[in-house]
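Q: Below: one structure in structure tokens.
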Amino acid sequence: MSGLRSLTAVADWQSWAVLRRNALVFLRNWRTAVIPPAMEPVIFFVAFGIGFGGYIEDLDYRGVDINYATYVAAGLIAYTGFGTPYYEALYSAYVRMFYQKTWDGLLATQVELPSVVWGEILWGAVRGMVNISIVSSVIAVFDLLGIVDVKIQFLVFMPFLGFVAGCAFASFALIFTAIVPAIDHMNYPVFLIGWPLSLVSNTFFPVEPQSPALRALMQVNPVYQLAECARGLLVLGNPGSHLIGLLGTTALFLIPCTLLSVRLTRRRVLGD
Amino acid sequence: MTTAILEARGLTKSYGYKMVVDHLDLSCRPGTVLGLLGPNGAGKTTTLRMLYGFVPPDAGSIHYAGKPFDQARAEAKRSIGVCTQEDSLDYDFTVAQNLLIYASYFRPRVDDLEGRVAELLDRFALAEYADASPHVLSGGFVRRLLIARSIVHRPSILFLDEPTTGLDPSARLDVWELIDSMRTEGLAIVLTTHYMDEAERLSNELLVIHEGRSVAHGEPHRVIDTLLGDHVIVVPRSEPAREEIAAWLQARGAEQVATVLGELRVPVTKEHLVELTARFTEATWQVRPPNLDDLFIALARRNGRFE
């Protein structure tokens with residue numbers, strides 16, 4: 001099956017059938033599936049934004065003074081938008097593929113492998129939307145309490161930004177899902193890639209590298225683009241060039257990562 | 273004769289330098305069971321994976337209902353039911369929901385799906401578990417659900433990969449009854465199994481694969497006759513002349529002398545049997561018709577997997 005066919009499979013009904021299946025399972029277990037993972041960024045927000053932020057002076061963000069809690073609020077959108085689809089596509093997809101044999105059941109039907117991969121990518125992105133919605137609601141409450149100062153009307157766009165970037169993050173994670181020998185090996189993509197990316201991307205603190213190479217590297221990092229796009233909207237009401245940056249880096253990740261994920265999962269699942 | 277639902281010609285597949293399936297032909301007609309047999313590593317699984325569309329063949333063709341699989345793939349996959357050996361039930365859903373969700377993976381959609389699910393729950397004796405998790409099902413009922421799920425979309429051909437492995441004798445018989453009833457209704461069935469009695473009783477035709485090639489094909493008794501001959505003598509381990517009998521038979525060309533738990537099993541011709549009876553008048557042995565166990569042992573010995 002050609003690379004182009006692997007990419008266009010996103011529009012096939014089979015991909016959305018896989019998404020629907022995962023969504024139905026999620027709705028059956030929504031209490032355990034939503035509340036604990038969505039509380040993590042909220043706890044981070046309270047601990048870093050409010051607790052730790054009390055010891056930090058205001059920061060200058062594109063000419064506007066903002067408190068640290070406001071800075072972290074947008075960072076948590078990016079942190080959640082990255083972490084949720086990334087870990088969903090690492091752990092949950094691995095469990096469905098390896099332990100539950102859900103993929104084997106799907107592949108015995110009219111669902112083809114690229115659609116299974118796309119279903120997992122879309123589902124990871126949807127999970128990101130759900131968790132970002134919860135985090136955005138908490139930010140709205142803190143805005144009303146005067147703890148942060150954001151343009152509250154723009155919070156409604158956050159889940160959609162998260163969905164776009166979430167597709168890239170989930171497709172990236174599926175590469176590891178396809179190659180790790182056992183679930184314990186997930187520690188490598190989690191601690192060597194997930195944590196650095198989610199922390200050093202203008203999420204919890206501004207990163208201003210002197211090296212041009214590092215600056216260029218940051219520009220192609222979709223977590224950074226998501227953080228800055230969210231911050232631009234929430235603080236200034238204008239994402240600036242970061243909206244284009246987010247769309248560009250998403251495409252830059254999504255296309256090759258999806259092609260590679262399909263190739264690697266084909267080898268792993270179908271032995272071809 | 274009815275037209276074949278499945279027709280494969282010259283199927284060939286290699287992995288690296290190893291040819292796993294070597295120019296294999298097979299076909300399956302409505303209302304018949306094709307038994308696919310062979311020792312471990314014979315190429316059965318790879319053959320099935322090519323027929324499901326999991327892996328493309330390196331050479332050869334697959335037609336479903338006369339249409340090339342690679343050109344009418346979606347239509348062909350709509351007509352295929354696959355019951356894998358491994359339990360791939362969706363344990364996040366109830367028994368009834370497993371049938372409903374599985375049906376959602378096919379287009380055109382299943383007509384009167386609710387009715388179809390109720391019919392299958394009833395037919396496979398799963399109605400009382402409809403709202404329960406598959407976790408509560410015994411091994412036999414898990415297998416029933418897997419088979420029911422694989423035909424929820426009313427396929428024309430069903431692939432059953434070792435459907436009774438791990439089941440107790442009673443559950444095996446239940447699955448046999450279900451397979452037989454599906455065949456009677458006109459479903460074409462491709463069955464792989466390691467149970468020889470199962471293959472003999474259920475299959476209309478057998479295809480024996482060895483090292484990726486077809487070594488025998490036809491009705492079960494003809495396949496056995498072709499590969500093994502007329503009779504098998506079984507010499508118990510307590511028989512003092514056991515070694516002498518083995519040597520005597522080998523000297524007359526009997527190649528497939530197998531020892532199973534000390535018991536000697538040798539396929540022989542009618543002529544050898546007459547000579548043997550005259551030569552070893554004091555010895556004790558049994559004579560029985562050859563079965564597929566003998567065939568498997570013979571094939572495995574050829575492959576160096578059974579000593």
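Those protein sequences? They're chains A and B, same order as listed. In terms of the numbering used here, the numbers along the first sequence are unbroken and rise by one, the last being 272. In terms of the numbering used here, the numbers along the second sequence are unbroken and rise by one, the last being 579. Ideal Cβ positions, reconstructed from N, Cα and C, are used throughout, including at glycine.
Classify A/His185: buried if its beta carbon has 16 or more other beta carbons within 10 angstroms, exposed otherwise.
A: exposed
Q: When the cut-off is 9 Å and only beta carbons count, does A/Val10 lie next to chain B?
A: no
Q: So B/Leu536 and B/Ala518 are in contact, right, with Cβ under 8 Å, and what is the actual spacing, rounded?
A: 6 Å
Q: Short of 7 Å in beta carbon distance, which residues of its chain neighbour A/Ala327, apart from the five on each side in sequence? Order them along the chain.
A: Residue coverage of chain A in this structure runs from 1 to 272, which leaves residue 327 of chain A outside it and unanswerable.
Q: Assuming contact is defined by CB atoms lying nearer than 9 Å, are B/Leu430 and B/Ile461 in contact in what I supplied?
A: Closer than 9 Å, so yes.
Q: Suppose you measure from the CA of A/Gly49 to the CA of B/Asp383; what does that come to, to the nearest Å?
A: 56 Å
Q: Taking the alpha-carbon positions, what's the B/Pro329 to B/Leu296 distance?
A: 11 Å
Q: Which runs of the alpha helix (DSSP H), 4 residues or longer, sit entirely within the region 384 to 456 of chain B?
A: 385 to 395, 411 to 422, 441 to 456
Q: Output yes if chain B places a C-beta closer than 9 Å to the C-beta of A/Arg268; else output no.
A: no
Q: Work out the CA separation of B/Val506 and B/Gly412 for me, nearest whole Å.
A: 34 Å
Q: Taking its Cβ as the centre, do 16 or more other Cβ atoms sit within 10 Å of B/Pro441, making it buried, or is it exposed?
A: exposed
Q: If you scan the region 82 to 129 of chain A from start to end, which runs of the alpha helix (DSSP H) of 4 or more residues do you find wholly inside it?
A: 102 to 107
Q: Return yes when the Cβ of B/Val504 is within less than 9 Å of the Cβ of B/Val538, no when it is not.
A: yes
Q: Using a Cβ-Cβ cutoff of less than 6 Å, which residues in the same chain neighbour B/Asp452 once the five nearest sequence positions on both sides are dropped?
A: none
Q: For the pair the region 331 to 343 of chain B and the region 412 to 422 of chain B, tell me if three or more CB-CB distances fall below 8 Å.
A: no
Q: Okay, do the region 124 to 136 of chain A and the region 162 to 178 of chain A touch, 3+ Cβ pairs below 8 Å being the bar?
A: Output reads yes: the region 162 to 178 of chain A touches the region 124 to 136 of chain A.
Q: Distance, Cα to Cα, A/Ile273 vs B/Gly313?
A: Outside the displayed span of chain A (1 to 272) sits residue 273 of chain A, for which this structure offers no information.
Q: For A/Leu161 and A/Pro239, I'd like the C-alpha separation in whole angstroms.
A: 11 Å
Q: Classify B/Pro317: buried if its beta carbon has 16 or more other beta carbons within 10 angstroms, exposed otherwise.
A: It should be noted that the sequence gives Thr, not Pro, for residue 317 of chain B. Buried, because 16 or more other Cβ atoms sit within 10 Å of the Cβ of B/Thr317.
Q: Using beta-carbon positions only, say whether A/Gln110 and A/Gln14 come within less than 9 Å of one another.
A: yes
Q: In whole angstroms, what separates the C-alpha of B/Ala346 from that of A/Val150?
A: Going by the C-alpha atoms only, they are around 51 Å apart.
Q: Just to confirm the assignment, what range does the alpha helix (DSSP H) spanning B/Ala519 have?
A: Run containing B/Ala519: 514 to 523, per the alpha helix (DSSP H) assignment.
Q: What does the alpha-carbon distance come out to for the pair B/Ser410 and B/Phe568?
A: 30 Å
Q: According to DSSP, simplified to helix, strand and coil, what is A/Gly248?
A: helix
Q: Tell me the DSSP secondary structure of B/Phe299 in three-state form.
A: The residue you asked about is not Phe; residue 299 of chain B is Ser in the sequence shown. Strand, per DSSP.
Q: Checking the sheet assignment: what are the DSSP bridge partners for A/Arg76?
A: First, the amino acid is wrong: residue 76 of chain A is Leu here, not Arg. Its beta-bridge partners do not exist; DSSP assigns none.
Q: Flag this pair as touching only if the region 219 to 237 of chain A and the region 69 to 84 of chain A have three or more C-beta atom pairs under 8 Å; answer yes or no.
A: yes
Q: Taking the C-alpha atoms as reference points, what is the distance between B/Ala337 and B/Gln357?
A: 25 Å
Q: For the region 18 to 77 of chain A, which segments carrying the beta strand (DSSP E) assignment without a break, of at least 3 residues, lie completely within its bounds, in sequence order?
A: The region 18 to 77 of chain A contains these whole beta strand (DSSP E) runs: 59 to 61, 64 to 66.
Q: Can the beta-carbon of A/Leu4 be found closer than 9 Å to that of B/Arg321?
A: no
Q: Whole angstroms is fine: what's the gap from B/Val305's alpha carbon to B/Glu457's?
A: 12 Å
Q: If A/Leu174 sits next to A/Val117, beta carbons under 8 Å apart, how far is it from one beta carbon to the other, in whole angstroms?
A: 6 Å
Q: Looking at the structure shown, is B/Gln558 part of a helix, part of a strand, or coil, going by DSSP?
A: Taken through DSSP and simplified to helix, strand or coil, B/Gln558 comes out as strand.
Q: Name the chain B residues whose beta carbon is nearer than 7 Å to that of A/Arg21?
A: Ile373
Q: Would the beta-carbon of B/Ile352 fall within 9 Å of that of B/Asp362?
A: no
Q: For B/Ile481, which beta-bridge partners are listed by DSSP?
A: B/Ser486
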